[in-house]
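Dropping the structure here:
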């Protein structure tokens with residue numbers, strides 16, 4: 001049994017802690033704020049396999065299969081619901097592009113199909129059918145509650161012996177050659193140190209700072225925090241806009257009904273580079289811009305009330321694909337999820353845990369594709385299809 | 001109707017539910033808020049948050065000034081979507 | 001909490017408690033002409049009685065001090081009864097075997113001159129009946145509060161502090 | 001249940017209109033909110049809660065608590081306590097979560113109206129009005145917004161006369177002070193007033209502060225100023241007890257609004273919880289409106305408010321039960337009874353001391369807390385200071401918060417009195433104009449005068465408590481949040 005330190009108490013860190021504990025490893029998990037406070041609780045809840053490249057499609061197909069069994073495995077209601085993703089085309093060219101994507105997705109067993117707007121209206125009763133030509137519909141996509149999912153993992157991880165520490169900040173490492181030997185952390189103003197056999201950097205937007213502490217170049221894995229904002233309505237009766245509905249050509253605007261309280265979450269690709277890693281300030285242009293599109297997608301939304309607007313980070317790499325793999329002999333990274341960390345977590349956590357504990361994984365994760373050294377080599381992947 | 005002690009009116013969260021969660025070891029107000037959805041309804045936590053802080057203080061022995069108030073968010077009162085888009089034009 | 005004065009536990013003050021805090025007007029003074037008696041034992045930031053008194057009979061070094069009336073300087077004009085925001089000033093005047101109590105009355109209906117009303121003590125219990133001698137309606141007072149003077153048996157002079165109009 | 005005669009107030013009602021509750025016609029008057037009209041018709045159950053479908057009625061009456069949401073003309077989640085009636089309105093109780101209509105026309109995207117001024121004052125109560133008056137006199141252009149249809153804030157519900165000194169309107173009724181201050185504001189042509197306008201957020205855009213406003217729930221307005229004064233007042237605290245959400249349980253302020261602003265009786269027999277000034281004043285106001293008050297219960301061993309307010313209600317026969325608390329409300333769809341009990345030294349109810357009151361209204365007057373949401377949202381540093389009523393914004397002696405250019409005054413800065421709110425408003429108004437370089441240096445003397453008045457006002461036992469809280473705040477004691 002070896003001792004693994006995980007840095008970052010978001011969904012990736014917590015889920016990996018659970019998977020490692022399941023494999024019998026000893027885990028100490030650090031979160032500098034409270035669990036989930038970074039990006040996990042700020043996410044839009046969506047889960048999809050409708051990507052446009054093989055690596056992400058295969059990874060997410062596997063992730064969805066894990067999601068389907070997660071509630072049973074963790075014994076906790078995480079509000080996972082397969083209510084689908086509905087992408088909407090506004091032009092003939094886009095319909096053609098959708099068809100190509102669908103062919104690729106079908107090839108790997110993702111059951112996406114092209115639907116007409118009558119069917120779309122049945123699925124989303126408040127949908128505006130008029131501007132759209134067709135939809136790409138995968139009923140197996142869905143959503144879950146980020147907070148409950150994180151806590152379900154956390155409760156089970158603790159039962160399996162994970163030492164999970166909130167409000168505990170990692171401040172440095174001890175390193176011998178390419179091996180990290182100890183993690184230094186501060187809690188209640190006191191700095192302590194713990195010997196470790198392996199370290200996972202799961203700090204997402206904060207990951208470059210952790211890499212730097214490990215003696216690596218800060219931009220070895222270039223991750224930039226972009227404020228991705230959302231607004232949400234008051235709770236509404238379920239069934240009015242269950243799938244994530246997104247016309248990609250409208251600046252990636254989308255709406256999705258919260259799987260628990262039924263409030264409708266609205267997002268759009270109006271992005272601002274965060275001024276700092278504390279910069280969660282929502283912006284006025286977003287508030288108006290997002291609702292302009294949301295009411296074009298679902299006009300009856302005009303009668304709902306917005307109760308809050310918030311920002312979280314899309315921790316973006318240059319190709320919007322995460323960095324997953326090994327950086328030093330015993331120093332690993334799973335970060336830079338560019339908005340897809342929550343949906344990928346069950347698959348990535350399992351793959352990462354198996355890699356750390358056994359040196360290999362049965363998860364269909366294309367290690368070359370997500371190689372954290374690819375940026376240094378100047379090898380960028382085709383951009384992952386962005387929207388949550 | 002049963003004798004419930006309601007803390008969060010919007011989501012019908014009772015004092016017993018909050019105490020039970022604290023007993024399970026969840027003592028961060030942000031976590032309690034999100035797990036029970038206290039303060040996440042249309043009143044935006046105005047009525048319930050001081051009560052949650054009081055319960056948390058009583059159960060954990062913390063002083064109320066050691067429990068941070070969850071941040072208020074825009075809009076600080078619910079606003080109809082059509083107003084934010086361009087005004088009620090009907 | 002032993003230092004809590006009993007009047008703050010109950011919400012009313014007995015004449016005995018009051019006259020431990022301020023002096024009681026002499027029998028002679030009470031018979032001479034109406035005299036203002038503040039039932040205001042608590043230090044609160046308030047000064048209109050002192051400000052309105054035409055003879056500077058009310059001493060109150062700062063607004064947070066309690067009002068103390070110099071009964072010899074008091075001419076019984078009732079302006080303090082009219083202005084007092086706490087409705088805590090009363091005038092008492094002994095006439096024969098009756099006492100005339102002047103008090104604010106901010107309720108409807110306002111009694112009429114000569115009307116017989118139910119006399120209430122400091123806890124609102126009826127303690128007898130008395131006749132209303134004068135009524136100054138709201139618009140004619142200096143303090144926007146109607147005041148009435150009611151005649152009561154002399155032994156109730158320090159009990160009756162409100163009336164109830166029964167129609 | 002409408003009041004027509006009142007010893008202090010005169011009710012001016014608007015044109016009579018008809019609204020429809022579940023299809024049944026209900027008489028209403030223009031200018032009153034839907035919930036007040038329904039109350040006057042005896043309709044108290046306004047909706048059934050989102051998850052448990054528990055009956056709910058009016059609670060806060062100021063658009064904050066979500067207890068009065070109804071379906072109005074087919075649109076769900078309308079706050080009926082602040083939405084005014086219109087002839088022919090169709091109103092239905094909401095059951096659970098709302099459903100949107102299936103079809104609608106997309107709203108047109110339009111630029112918002114922009115209103116610019118040197119100083120934006122949020123809140124037209126005593127603090128905000130004084131801030132606007134003094135900022136304007138010091139030379140600033142001012143825009144003042146308030147959520148209510150009239151200026152004055154809580155003053156408009158206050159039938160009692162104010163304490164303090166003559167220059168602080170001592171001896172004048174709150175409702176009259178509101179009129180005086182409103183007249184002063186209207187006299188100044190460098191003050192622009194927006195009523196029925198909520199400030200829903202503050203954004204910093206360069207040197208400018210953008211206050212996002214919503215007028216009449218219909219119109220978006222961008223108020224742009226270089227300085228802001230937040231004087232948004234306070235809101236009532238709630239306490240836990242069984243069935244504390246039953247219709248017929250109100251915040252004290254809600255009852256004052258119904259009764260003193262709209263001339264609607266809240267019910268017939270009332271139990272008041274809390275013998276602070278709010279509870280005591282409310283008891284007196286209820287009697288003035290011809291409503292019976294069964295008792296006031298107070299958990300503390302003494303009356304918390306001014307003794308003179310207590311004496312006023314005691315001599316009208318209202319018992320004040322110190323060291324008592326409410327255990328539960330009972331009733332099927334609305335309050336029918338209240339059960340209280342005596343408390344022991346450890347604040348635990350003593351078995352066997354229960355008393356039952358047959359009341360249809362329970363009024364909660366258990367304290368106020370500052371409405372700091374806007375300040376908190378804008379990023380001002382917040383601390384918990386018990387003496388000031390809970391969480392407050394850290395500010396300096398000129399009432400400026402930790403965000404430069406954002407000032408605070410009145411109950412928002414700490415729960416106190418309308419008198420001190422007015423003095424703080426004066427300080428904030430002048431200070432903002434000075435900070436912007438608009439006011440001449442000589443205005444500093446006016447600030448100092450107001451500070452001396454505040455000090456004098458706070459030198460008694462009540463004020464000393466507040467002064468202690470302010471000292472803590474200025475000294476940086478208390479937790480940052």
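Chains as they are written, first to last, in the UniProt record's numbering: chain A, 1 to 388; chain B, 1 to 90; chain C, 1 to 167; chain D, 1 to 481. Every residue, glycine too, gets a C-beta built ideally from N, C-alpha and C. Since this is a predicted model, take the numbers as computed values, not measurements.
query, result
"According to DSSP, residues forming a beta bridge with residue 5 (chain A)", "A:28 and A:199"
"Helix, strand or coil at residue 163 (chain A) according to DSSP, with G and I counted as helix", "strand"
"Residues that residue 47 (chain B) contacts on chain D, provided the C-beta gap is smaller than 7 Å", "65 and 238"
"Coil, strand or helix - residue 138 (chain A) by DSSP", "strand"
"Near-chain D residues of the region 66-90 of chain B - C-beta to any C-beta below 7 Å", "66, 68, 69, 71, 72, 73, 74, 75, 76, 77, 79, 80, 82, 83, 84, 85, 86, 87, 88 and 89"
"Top-ranked residue by Cα proximity to residue 173 (chain D), from D:397, D:191, D:152 and D:243", "D:152"
"Nearest-angstrom Cα separation, counted from residue 292 (chain D) out to residue 7 (chain B)", "29 Å"
"Own chain partners of residue 118 (chain A) with C-beta closer than 8 Å, once the 5 adjacent residues on each side are dropped", "129"
"Proximity test, Cβ basis, 8 Å: residue 33 (chain B) and chain D", "no"
"Chain-ordered neighbours of residue 377 (chain D) on chain B, where CB pairs are closer than 7 Å", "72, 73, 74 and 76"
"Where residue 116 (chain D) falls: helix, strand or coil (DSSP)", "strand"
"Chain-ordered chain A contacts of residue 41 (chain B) [CB-CB under 8 Å]", "234, 235, 261 and 307"
"Three-way DSSP call (helix, strand, coil) for residue 1 (chain C) in this model", "In this predicted model, residue 1 (chain C) has a pLDDT of only 43, less than 50, meaning its place in the structure is not dependable; the value taken from the coordinates is given anyway. Residue state, collapsed to three classes: coil."
"Best match in D:94, D:4 and D:127 for proximity to residue 416 (chain D) [C-alpha to C-alpha]", "D:127"
"Beta-carbon proximity check, residue 58 (chain C) vs residue 45 (chain C), cutoff 8 Å", "no"
"Neighbour flag for residue 30 (chain B) against chain A, beta carbons, 8 Å", "yes"
"Residue-chain proximity (residue 126 (chain A), chain D), Cβ-Cβ < 8 Å", "yes"
"Per-residue burial, residue 1 (chain C) [other beta carbons within 10 Å of its own, 16 or more giving buried]", "Reliability fails at residue 1 (chain C), whose pLDDT of 43 lies under 50, so the model's placement of it is uncertain and the value that follows must be treated cautiously. It is exposed - the Cβ of residue 1 (chain C) has fewer than 16 other Cβ atoms within 10 Å."
"Interface residues of chain C facing residue 301 (chain D) [CB-CB closer than 9 Å]", "1, 4, 8 and 9"
"Cβ neighbour criterion (16 or more within 10 Å) applied to residue 373 (chain A)", "exposed"
"Proximity of residue 345 (chain A) and residue 62 (chain A) at Cβ, strictly below 8 Å", "no"
"Nearest residue (CA-CA) to residue 443 (chain D), options D:455, D:457 and D:428", "D:428"
"Distance, residue 231 (chain A) Cα to residue 260 (chain A) Cα", "16 Å"
"Residues near residue 319 (chain A) by beta carbon distance below 6 Å, same chain, minus five either side", "380, 381 and 383"
"Beta-carbon gap between residue 430 (chain D) and residue 139 (chain D) smaller than 8 Å", "no"
"Any chain D beta carbon closer than 8 Å to residue 230 (chain A)", "no"
"Proximal chain B residues relative to residue 377 (chain A), where beta-carbon distance stays under 7 Å", "Neighbours of residue 377 (chain A) on chain B: none; closest Cβ ~40 Å, over 7 Å."
"Limits of the unbroken beta strand (DSSP E) element including residue 407 (chain D)", "406-408"
"Own chain partners of residue 378 (chain D) with C-beta closer than 7 Å, once the 5 adjacent residues on each side are dropped", "202, 403 and 406"
"8 Å Cβ shell around residue 376 (chain A) - same chain, five flanking residues per side excluded", "220"
"Among D:280, D:170 and D:332, the one whose alpha carbon lies nearest that of residue 246 (chain D)", "D:332"
"Outcome for residue 10 (chain A) when other beta-carbon atoms lying within 10 angstroms are tallied against a minimum of 16", "buried"
"Per-residue DSSP class, three states only, for residue 1 (chain B)", "Residue confidence for residue 1 (chain B) is low, a pLDDT of 43 falling below 50, so the modelled location carries little weight and cannot support an answer."
"Contact residues within the region 45-71 of chain C, judged by C-beta distance below 8 Å to chain D", "45, 46, 47, 48, 51, 52, 62, 63 and 64"
"beta-carbon residue 221 (chain D) near the ligand MN non-hydrogen atom, thresh 7 Å", "As far as ligands go, the structure on display features none, and thus does not contain the ligand MN."
"Distance between residue 445 (chain D) and residue 451 (chain D) (C-alpha atoms, nearest Å)", "10 Å"
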